[in-house]
Every structure is written in C-alpha cells, then in structure tokens.
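Each residue of the sequence shown is one higher than the last, beginning at 1 in the UniProt record's numbering. Each remark here refers to the structure printed beneath this line.
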Amino acid sequence: MSSPAYTPFTSSTDGRLPEPPSPKSPGDSAPVVVYKIDWPAVGFPEYKGKFALVLDNIFSPADCAKLLKAAESAGTWSVAKVHADPETGVETGFVDMRYRNSGRIMLDDFDLSDWILNKLRPYIGEIEFVPSGKFRMFNRNPENKDVVQVQLSRLNERLRFLRYGPGEFFARHCDGTYFTADRSEVSYFTLQIYLNGDCETLKGGPTRFVSLQPKPPGHPGHLDVDPRMGRAIIFQQAGLLHSGEEVLEGEKFAMRTDFMYKRVAPPLKISQKEYVSSSEESD
1 MSSPAYTPFT SSTDGRLPEP PSPKSPGDSA PVVVYKIDWP AVGFPEYKGK
51 FALVLDNIFS PADCAKLLKA AESAGTWSVA KVHADPETGV ETGFVDMRYR
101 NSGRIMLDDF DLSDWILNKL RPYIGEIEFV PSGKFRMFNR NPENKDVVQV
151 QLSRLNERLR FLRYGPGEFF ARHCDGTYFT ADRSEVSYFT LQIYLNGDCE
201 TLKGGPTRFV SLQPKPPGHP GHLDVDPRMG RAIIFQQAGL LHSGEEVLEG
251 EKFAMRTDFM YKRVAPPLKI SQKEYVSSSE ESD
C-alpha cells in the first residue's frame, strides 16, 4: 500500500498542535487532517526519524460514543496499575498514584479492533511494513533472526480505555512492547484515540512529548497533542518519551492499543539497509 500525502508538522511557537478543523457547513462532517511530525523542524533533532502521526477527525462523535459505550458495557473503571505482563497485557504490577493516576477498563474485542484498524488503514501505508531490525524487538525470538522485514498483522485486541479526571495524569515514560505468547507477533507502534474533549470543556491533559536534552531559549521544551474528540495519535514505542499531562478541568476519555507485526513470508525485495537509509532512522 502506498503512503498517503501527509501534512508535515514543522513549526510550533507554543509547543502544541493546532486545534482540529471544524465542519465547513452545519451538518457536514469535519474534514480529516493528518499531520506527520517532523521532529528536527520542531526542535527535537534527537528524535530524527522517529515516527509520529496525528489524525484529526478520523473518528466521528458517533464512533467515539460507540467505543466508550463498548468499554462501559464491559466493565467498571478501576485504578490503572503501573506495569503489565508484556506477553499477556494483564496488569501484574502495582498502583502508584504518584506516577500514574487514572481509571481504566480493559476490553478484549477482535471485531472492534478490526473495525478501528479499517478506519485507519487508508492513512498508515508508511507503517504497513517495517524492517524487523529497525527497533530490534522482533529478533528477540531466535526463530526470527534471519527475518528482514515484518508486516502489520492487526491491532492488539486488548483495548485499554482510560479515564482521567481533574488532578489525574500519567508521568513521563516510553511505551512498552507487547509480545504474543508464542512470540510470533510483536508491537512496534502505539495507537491512542481521544474519545471526548474540546477547548471549552476539557482543560489540560495533553499527550506531551518531551526531551531530556536542553533546548535553546524560547523553545517550549515539549510538543503537546491536546485531547480532542475523534483525534488519534500513532507513534513508535521505542525512544519517544512522553507523558499524559494533568487534567485541570473536565474529564478525559481515551483508548489505547498496539499495532501488531508478524514476519513477512516470502520476504519482499527490500533490504533493511535500504529502508533505514531512506528513512534516516537512527537507533
């Protein structure tokens, strides 16, 4: 699948993405806008080659209501824990509200995850195939040591729904990698969908990409993706430090899952060296 034309996001004076566009006329659907973040251009040269995509209005208000209803029909909100088993996704850790303070519902639903992926697929051609060595995760399975490339197979059926109220947050972290039990699939990218939010009723709570490197005077030192209904963000799990900033007013609802990859058979005619060179990736 060929990659769609993205709008490069190359400039931000206030350290945040613009608000999603509104419908052109009453009764119209809001237009979809897709931004690919150009990290060096926005003052993060250390993230050069790291993939992050923001899709505005990709999910309609009805879509968001459908997802939230599915979650709340499946269970009740419980306090999110800090750690999860990388193979099962089951929370095996502990509650640390100094580090992570939010509610969570986990829902395993193959049909719903397929529906979500079908909505996204026209926009994600760039990540349909990935060289397995690009993030060095897939090769942890000895059976995959000679695999040159991996292919997007599905979304993880484990959908994690998140609820943040005033004062709640998730401190700085990089997302973990999820493996299937047989190690035949591994995650490389995170998907987060914002299920509610506008600039009037929800204050705070952005997904904030940060760096530990010093920035020049006038640089905000971060890039915020504000929670807005129907907005989705896709980003690689290796090496992108981010946080869920504190909600100041209102409630923030979101859904998170993983893009899963499997080995390509037969291999495509592209070498890992060629791919990495063309993407200017630096591990």
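For each residue, glycine too, the CB sits at the ideal point set by N, CA and C.
Residue environment, residue i, which counts as buried when at least 16 other CB atoms sit within 10 Å
| i | result |
| --- | --- |
| Pro-20 | buried |
| Ser-113 | buried |
| Ala-254 | buried |
| Arg-160 | buried |
| Gly-27 | exposed |
| Val-79 | exposed |
| Gly-89 | Residue placement at Gly-89 cannot be trusted, given a pLDDT of 49 that sits under 50; the coordinates are not used to answer. |
| Glu-200 | exposed |
| Met-1 | Unreliable positioning characterises Met-1 in this predicted model, as indicated by a pLDDT of 46, which lies under 50. A coordinate reading is not provided. |
| residue 293 | The structure shown does not extend to residue 293, since the chain spans only 1 to 283, so no value can be given for it. |
| Asp-111 | exposed |
From the options, residue whose alpha carbon lies closest to that of residue i
| i | options | result |
| --- | --- | --- |
| Ala-41 | Gly-204, His-219, Ala-70 | His-219 |
| Val-33 | Tyr-261, Asn-101, Ile-233, Pro-217 | Ile-233 |
| Arg-154 | Ile-105, Pro-31, Tyr-188, Leu-195 | Tyr-188 |
| Pro-61 | Arg-231, Phe-51, Gly-103 | Arg-231 |
| Ala-195 | Ile-116, Gly-239, Ser-184 | Residue identity differs from the one stated: residue 195 is Leu in this sequence, not Ala. Ranking the options by Cα distance to Leu-195, first place goes to Ile-116. |
| Arg-158 | Thr-201, Asp-224, Gly-103, Met-260 | Met-260 |
| Ser-226 | Glu-251, Pro-23, Ala-70, Ala-65 | As written in the sequence, residue 226 is Asp, which differs from the Ser given in the question. For Asp-226, the nearest C-alpha among the options comes from Glu-251. |
| Ile-127 | Val-247, Gln-237, Ser-12, Glu-246 | Gln-237 |
| Ala-30 | Lys-48, Asp-56, Thr-13, Arg-100 | Asp-56 |
| Glu-185 | Gln-149, Thr-201, Glu-168, Gln-192 | Gln-149 |
| Ala-181 | Leu-191, Asn-156, Lys-203, Phe-170 | Asn-156 |
| Lys-215 | Phe-44, Leu-67, Leu-17 | Phe-44 |
| Asn-101 | Phe-129, Trp-77, Phe-110, Ser-22 | Trp-77 |
| Phe-109 | Tyr-123, Phe-129, Ala-70 | Sequence inspection shows Asp at residue 109; the Phe mentioned does not correspond to that position. Comparing Cα-Cα distances from Asp-109 to each of Tyr-123, Phe-129, Ala-70, the minimum goes to Ala-70. |
Cβ neighbours of residue i in the same chain (closer than 6 Å, five flanking residues each side left out)
| i | result |
| --- | --- |
| Thr-7 | Tyr-35 |
| Leu-212 | none |
| Phe-129 | Gln-149, Gln-151 |
| Ala-52 | Ile-37, Phe-235 |
| Glu-168 | Asn-101, Ser-102, Val-247 |
Close beta carbons around residue i, own chain, < 8 Å, minus the five adjacent residues each side
| i | result |
| --- | --- |
| Pro-86 | Here Pro-86 scores only 46 on pLDDT, less than 50, and its place in the model should not be relied on; the value that follows carries that caveat. Same-chain partners within the cutoff: Gly-176, Thr-177, Tyr-178, Phe-179. |
| Arg-172 | Val-210, Leu-241, His-242, Ser-243 |
| Asp-198 | Arg-228, Met-229 |
| Asp-63 | Lys-119, Gly-230 |
| Lys-66 | none |
| Lys-24 | Pro-31 |
Residues of its chain near residue i, where Cβ-Cβ distance is below 7 Å and the 5 sequence neighbours each way are ignored
| i | result |
| --- | --- |
| His-222 | Gly-15, Arg-208, Phe-209, Val-210 |
| Thr-10 | Asp-38, Ala-41, Val-42 |
| Ala-74 | Ile-105, Leu-107 |
| Glu-46 | Ser-211, Gln-213 |
| Thr-13 | none |
| Lys-262 | Val-150, Gln-151, Ser-153, Ser-184, Glu-185 |
| Ser-22 | Ala-30 |
| residue 286 | Nothing in the structure corresponds to residue 286, since the chain is present only between 1 and 283. |
| Val-239 | Per the sequence presented here, residue 239 reads as Gly, with Val not at that position. These residues qualify, in order along the chain: Lys-50, Cys-174. |
CB-CB length for residue i against residue j, believed under 8 Å
| i | j | result |
| --- | --- | --- |
| residue 299 | Glu-72 | With the chain running from 1 to 283 in the structure shown, residue 299 is simply not present. |
| Arg-163 | Gly-103 | 4 Å |
| Gly-205 | Val-247 | 4 Å |
| Thr-257 | Leu-202 | No, Thr-257 and Leu-202 are not in contact; Cβ-Cβ is about 22 Å, not under 8 Å. |
| residue 294 | Leu-17 | Any answer about residue 294 is impossible in this case: the structure gives the chain only from 1 up to 283. |
Any C-beta of chain D under 9 Å from that of residue i
| i | result |
| --- | --- |
| His-219 | Although the question refers to chain D, the structure presented lacks it and comprises just one protein chain. |
Can you give, in chain order, each stretch of the alpha helix (DSSP H) that sits fully within the region 41 to 69 and has at least 4 residues? none
Where are the beta strand (DSSP E) runs, 3 residues long or more, that stay fully inside the region 165 to 211, in chain order? 169 to 173, 186 to 194, 207 to 210
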